[in-house]
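Since the structure comes first, as structure tokens, the remarks are kept for the end.
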Amino acid sequence: MMNVNPIQQRINDHKATGKGGVVSVCSANPDVIIAAAKLAEQYQDLLLVESTSNQVDQFGGYTGMKPVEFVAYVKKLLKENNLSDEKLVLGGDHLGPNAWQDLDSVTAMNHSEELIRHYVSAGYQKIHLDCSMSCSDDPVPLTDEIVAERAARLCKIAEDTAKATNQPHDIVYIIGTEVPVPGGAQEDLDVVTPTTPEAARTTYQVHKAIFEKHGLGDVWSRIVGLVVQPGVEFDHHSVVDYTPEKADKLSALANEFPNATFEAHSTDYQKPLAFQHLVRDHFAILKVGPALTFALREAYFALDHIAQDMQLGVSSFKAILEEIMMEKPKYWKKYYLGNEQEQRIARAYSLSDRCRYYLPEPKLQQVISEMKTAFAGKTIPLGLLKQYMPAEFDAVREGKIKGKFEDLVHFHIQLALLPYYEAAKI
């Protein structure tokens, strides 16, 4: 018997009291991770950092990191910033054939097995078994039975790998097929219908029966989350707000699960009170990603304006970002439709924040480095700070932060994350 997983402990507490949740930070960006770690420390809460199968896999993903490298990267960031990794939990999101849908199912599932081996042996403690997508030779959509069979197969690999590599904690699992498009919707939204209780119940029951059939009955108490759609979503310029009345029947279903609650994706940009309502209604695992890199980009734009007004002689972050996005349109072209002006606005300001894919670009990193150096030892005039970063102006005045470049950036990200930790606290 391994140690109880801290996520399982939190979900057990929620099941017992109806209070408390888990904040899931879905980003590989160093400033987002540092800002989140500082805030989690303030709240004496878990720091759950998740990577998707697109970001991090056995071939490197789009971050260029394998799971073991991502774990080392996160721990190094914490150490360099004098932050403890004691409450750090790593999660893997959308683990399954997501990245290999254009291959046949045999090949895709073989890749998926290897993906799981890499994630578990690297020390990830929360695994989303997501086999909901069809491969090139599959029917569309897949039946619940096929999805569950594949999830059970990956779960078995995870359990065997955990034992073989002597992992210190039991792994907790997330199941579920109704997953929004990673990073927000691509089309304009009017309304989003919550998952029906019938569909969620079927997913749960079919997975349970198939896991038991494969000798995974003992694992079932560690299935702590079912991904559902509570009726929240965002696209480029709009947000569908959580409406508790529309999700009340789905919410009630959580009481039928002895060990599991719901996991909500695409909760970015909800109103602060919505997070508290989501946790109350048993959508206890709240995932957030693009809203955090959007906040980071906001901070960079604001500091760019301040640098230009102070005539610090640095290149414009905003101008270089636009230049790179035009040179390499692959991450936004098929998402941002409309005329030239609409596309230009979306590139900089879309809530789906496809800017985040460009932040690692060497040219942009050079500009960020230039800004840091230029601001070092300089005091931003308070009136200028108030013009472009009014919340940070208040924080500086109240003595919460100093006016340093990194402090301003991290505080701005924390503004987006704060309502999550407030809602999740017990």
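Its first residue numbered 1, the sequence shown is counted upward by one per residue in UniProt numbering.
C-beta: ideal position from N, C-alpha, C; glycine also.
Residue burial classification, residue i (beta-carbon count within 10 angstroms, cutoff 16)
i: K126; result: buried
i: N166; result: exposed
i: D309; result: exposed
i: G183; result: Its pLDDT being 49, under 50, G183 is placed unreliably by the model, and the measurement read from it follows with that caveat. Buried: at least 16 other Cβ atoms inside 10 Å.
i: N98; result: buried
i: V140; result: exposed
i: I426; result: exposed
i: M109; result: buried
i: A307; result: buried
i: P272; result: exposed
i: Q8; result: buried
i: A209; result: exposed
i: T261; result: buried
i: T379; result: exposed
i: Q311; result: exposed
Short Cβ contact (8 angstroms threshold) for residue i with residue j
i: H111; j: A148; result: no
i: residue 455; j: Q414; result: Not covered by the structure: residue 455. The range shown for the chain is 1 to 426.
i: T267; j: K287; result: yes
i: A152; j: L216; result: yes
i: V227; j: I146; result: no
i: A150; j: C131; result: Inspection of the sequence shows that residue 150 is occupied by Arg rather than by Ala. Cβ atoms of R150 and C131: closer than 8 angstroms.
i: residue 457; j: F375; result: Residue 457 is absent from the model: the chain starts at 1 and stops at 426.
i: F283; j: A264; result: yes
i: P194; j: Q229; result: yes
i: S105; j: T293; result: no
i: F411; j: M371; result: no
i: A122; j: P67; result: yes
i: Y242; j: Q276; result: no
Residue i, DSSP secondary structure in three states
i: residue 500; result: Outside the displayed span of the chain (1 to 426) sits residue 500, for which this structure offers no information.
i: G217; result: helix
i: I368; result: helix
i: Y73; result: helix
i: V96; result: Rather than Val, the amino acid found at residue 96 in this sequence is Gly. Residue state, collapsed to three classes: coil.
i: V4; result: coil
i: V192; result: coil
i: V172; result: strand
i: S352; result: coil
i: K363; result: helix
i: V396; result: helix
i: V106; result: helix
i: I401; result: coil
i: S121; result: helix
i: F411; result: helix
i: K156; result: helix
Opposing strand residues paired with residue i [DSSP bridges]
i: A264; result: V228, L286
i: F234; result: V239
i: S51; result: G92
i: M65; result: V56
i: S24; result: L48, K287
i: K126; result: G91, V172
i: I223; result: Y173
The ligand FMN heavy atom lying under 7 angstroms from the CB of residue i
i: K386; result: Absence of the ligand FMN from the depicted structure is noted, as is the absence of any ligand whatsoever, leaving it without description.
The stretch 84-92 in contact with the stretch 42-60 per 3-pair CB rule at 8 angstroms: yes
Inter-stretch contact (C-beta, 8 angstroms, three-pair minimum) for the stretch 297-307 and the stretch 325-340: no
Touch test, the stretch 346-354 against the stretch 396-407, Cβ-Cβ under 8 angstroms, three pairs minimum: no
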